[in-house]
Amino acid sequence: MSASFPAVMQQRIEEKLNHALAPHYISVVNESSQHNVPAGSETHFKVVVVSETFAGMRPVARHRHMYTLLADELAGGVHALALHTYTPDEWNHSQGGVNPSPRCHGGGK
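Going by full-length UniProt numbering, the residue at position 72 of the sequence shown is 72; the numbering climbs one at a time, nothing skipped.
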């Protein structure tokens, strides 16, 4: 990412999730450069969050909760979120492993 394009949306997402979920671990990666979007875009993100908040929630409920937390960002330019949500026990069991994002199949990338 060019220095002329600050990571505003990425920072906003991180701050919101840190505040709302008090995560044990969080990773927000801007994957926009892997898609057919202008340089410096912040439209495609991979989010990994480990939080006690997810205890007792099924995956669909976790994703719905994340969509609610990030409703403004989704309405304001974020096109895609790859969500990986774990409880601390699940994260420890997976040994922190997250599958890589698939390659973009659209737009000539």
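Every residue, glycine too, gets a C-beta built ideally from N, C-alpha and C.
> Cβ atoms of V47 and V60: under 9 Å apart, would you say?
Replying inline: No. Outside cutoff.
>> Count Cβ pairs between the stretch 87-94 and the stretch 11-22 that sit closer than 8 Å; are there 3 or more?
In response: Between the stretch 87-94 and the stretch 11-22 there are fewer than three C-beta pairs closer than 8 Å, too few to call the two in contact.
>> Per the DSSP calculation, S51 is bridged to which residue(s)?
In response: In the DSSP secondary-structure assignment, S51 is not bridged to any residue.
>> Considering just the uninterrupted stretch of the beta strand (DSSP E) at V60, what are its terminal residues?
In response: That residue, V60, is in no beta strand (DSSP E); its alpha helix (DSSP H) goes 59-69.
>> Between Q10 and E42, how many whole angstroms is the CB-CB distance? I'm expecting something under 8 Å.
In response: With a contact defined as Cβ atoms closer than 8 Å, Q10 and E42 qualify at about 6 Å.
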